[in-house]
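Numbering (the numbering used here), first residue to last: 29 to 206.
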């Protein structure tokens with residue numbers, strides 16, 4: 029029902045009223061576990077998380093060193109470039125944190141935030157459970173390495189699956205504890 033639904037009052041999320049109090053903060057990072065993110069998009073670029081320094085994560089398949097300035101993780105090709113080739117992750121990121129009041133495109137719920145791209149869905153929107161687990165794991169390890177500079181507090185998971193996975197549930201529970 030979007031940010032402001034005038035035809036059905038109370039059915040929206042109340043963002044416009046909330047903006048009178050706050051339009052967001054860079055204190056927390058939202059990890060978007062999806063098809064990646066267009067981190068050059070003019071409505072998103074200023075709100076994209078960037079690694080403050082080079083760092084190394086250890087995944088089940090081995091180690092990956094990401095350069096300073098990278099924006100997240102691509103579990104499909106095991107790289108530090110979560111560029112979106114499907115556009116769903118970019119769409120979700122816009123809802124979360126497109127810059128508001130800038131005369132461009134849309135306004136996200138948080139006009140000021142940090143968004144980390146965690147790509148596990150490919151150009152067709154398909155992905156594996158193991159890659160979703162790796163994407164979540166990357167976010168937790170980045171948070172451990174950088175502390176408040178990668179304070180991942182929320183994971184957005186706008187996707188479905190074909191059935192229950194204990195391994196995915198275990199990773200979600202681990203993220204929750206983290």
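Virtual Cβ for every residue (Gly too), placed ideally from N, Cα, C.
Query	Result
Just how far apart, CA to CA, sit residue 120 and residue 137?	11 Å
Does residue 95 pass the burial test, meaning 16 or more other C-beta atoms within 10 Å, or should it be called exposed?	exposed
Identify every residue that forms a DSSP beta bridge with residue 147.	62 and 102
Between the C-alpha atoms of residue 130 and residue 74, what's the straight-line distance to the nearest angstrom?	12 Å
Between residue 71 and residue 127, is the Cβ-Cβ spacing less than 7 Å?	yes
Taking the C-alpha atoms as reference points, what is the distance between residue 171 and residue 113?	26 Å
When DSSP labels each residue in this structure, what does residue 55 get in the three-state scheme?	strand
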